[in-house]
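J.:
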Amino acid sequence: MLHRRRTASCDSTFLAWSDLSHWKTRGVLLQYKYFLERVGKQRLREARLQAVDCLILLLAGICLGTLADVSDESFGFMGYLYTVIAVPLLIKIVALRSFSLDKLHYWRESASGMSSLAYFMAKGTVDHINTIVKPAVYLSMFYFFNNPRSSILDNYLVLLCVVYCVTGIAYALAIYFEPGQAQLWSVLLPVVLTLVASKDSKFTAIVGDYIYSKWALKAFTIANARRSGESFFIVSKFFLHYYQPC
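So in the UniProt record's numbering the end of the sequence shown lands on 246, straight run, no missing numbers.
Have a look at this one:
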């Protein structure tokens, strides 16, 4: 009985103490600013790694632009097929580094009151630089060696949407899988989804509406076909005007 009273008095004494540290958790905006500066400095330290990523994209643009044949019958479909496989694969591997390597730090700081929203938004804001730059880096070589009918702006806008989409997929893979499994899925998904989207079947007709590869291939082909149609109309009009009837 005496022990219980002493325990109760000790509990009431400790519970009555006030927090003398006067610590207040920062708001989401202040945390976002802090993480934005930290992630930005981290990306600057990885400048050599970013340069290697751009070099790989340049080499991919040269190789795929040279290998793919451009013809009026196919509207450069094979070149776009290679692009929808290669670029998402490379972008996913790059985007995995944003969350795969920092899981332990994230859980540790999250337990201390860190805002997950501020952390994710800061990572996404810095990675949007890659989302804007990487399609231009790839197209600078692919468009020069492949020379499709469509304008470079049309190709850039389509590829920008593809890169934005696959970056989000890579974030989900990095969060929910281990690094090795996430890399395996990042390599497997672009190949399988693009092969499924390029086939004409009942299964593709049902599943294809939920696959980014199908929409990307459609957008590339339509942009190329539209410019090919304009060229055909201009050439036909020129010859009709040049060879006037007798």
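Just so you know, even glycine gets a beta-carbon here, dropped at the ideal spot from N, CA and C. Note that the coordinates shown come from a computational prediction; the quantities given were computed from them, not determined experimentally.
List the endpoints of the continuous alpha helix (DSSP H) containing Tyr210.
T.: No alpha helix (DSSP H) holds Tyr210; DSSP gives it neither H nor E.
J.: Please work out which residues of its chain come closer than 8 Å, Cβ to Cβ, to residue 247, disregarding the five sequence neighbours upstream and downstream, and give them in chain order.
T.: Since the first residue of the chain shown is 1 and the last is 246, residue 247 is not available in this structure.
J.: Assuming Asn224 and Pro148 form a contact by the criterion Cβ under 8 Å, report the distance between their Cβ atoms to the nearest whole angstrom.
T.: 5 Å between Cβ atoms; contact.
J.: Here's a check: name, in chain order, each residue in its chain whose Cβ is nearer than 6 Å to the Cβ of Ile93, leaving out the five neighbours to either side.
T.: Here the set comprises Ser186.
J.: Quick test of the definition: if touching needs 3 or more C-beta pairs under 8 Å, does the region 102-121 touch the region 28-36?
T.: Touching, yes, given that three or more Cβ pairs across the two stretches are closer than 8 Å.
J.: Can you give me the C-alpha to C-alpha distance between Ala111 and Ala182, rounded to a whole angstrom?
T.: Looking at the two C-alpha atoms, the distance is approximately 24 Å.
J.: Do you know whose CA, among Lys214, Ile175 and Asp200, lies nearest Ser100's CA?
T.: Nearest C-alpha to Ser100: Ile175.
J.: Would you say Phe35 and Thr221 are within 8 Å of each other, going by their C-beta atoms?
T.: Not in contact: Phe35 and Thr221 (Cβ atoms no closer than 8 Å).
J.: When you compare only the Cα positions, how much space is there between Arg43 and Ala95?
T.: So the alpha carbons of these two residues sit roughly 12 Å apart.
J.: Going by other Cβ atoms of all chains shown within 10 Å of its Cβ, with 16 needed for buried, is Leu193 buried or exposed?
T.: With 16 or more other Cβ atoms within 10 Å, it is buried.
J.: Beta carbon of Leu90, beta carbon of Ala68: below 8 Å?
T.: No, they are not a contact pair.
J.: Would Tyr138 and Val87 qualify as a contact pair, given that the criterion is a beta-carbon distance under 8 Å?
T.: Contact flag set, yes.
J.: Near Tyr164, what residues of its chain come up, given a Cβ to Cβ distance below 7 Å and the 5 sequence neighbours on each side ignored?
T.: Within the same chain, Tyr164 has close Cβ partners Thr131.
J.: Would you mind reading off the limits of the alpha helix (DSSP H) that contains Pro135?
T.: Taken as a continuous stretch (DSSP letters only), the alpha helix (DSSP H) holding Pro135 covers Ser116 to Asn146.
J.: Please report the straight-line C-alpha distance between Val196 and Glu178, rounded to a whole angstrom.
T.: Roughly 26 Å between the two C-alpha positions.
J.: Would DSSP call Ala95 helix, strand or coil?
T.: Helix at Ala95.
J.: By a C-beta neighbour count over all protein chains shown, 10 Å radius and 16 as the cutoff for buried, is Tyr171 buried or exposed?
T.: Buried: at least 16 other Cβ atoms inside 10 Å.
J.: With H, G and I counted as helix, E and B as strand and the rest as coil, what does DSSP make of Gly61?
T.: In this structure, Gly61 counts as helix in the three-state DSSP scheme.
J.: Since Ile85 contacts Pro190 with CB under 8 Å, what's their CB separation in whole angstroms?
T.: 5 Å between Cβ atoms; contact.
J.: Looking only at its own chain, which residues have a Cβ that is under 7 Å from the Cβ of Gly208, when we skip the five neighbours before and after it?
T.: Excluding sequence neighbours, Gly208 sits near Ala197 and Lys214.
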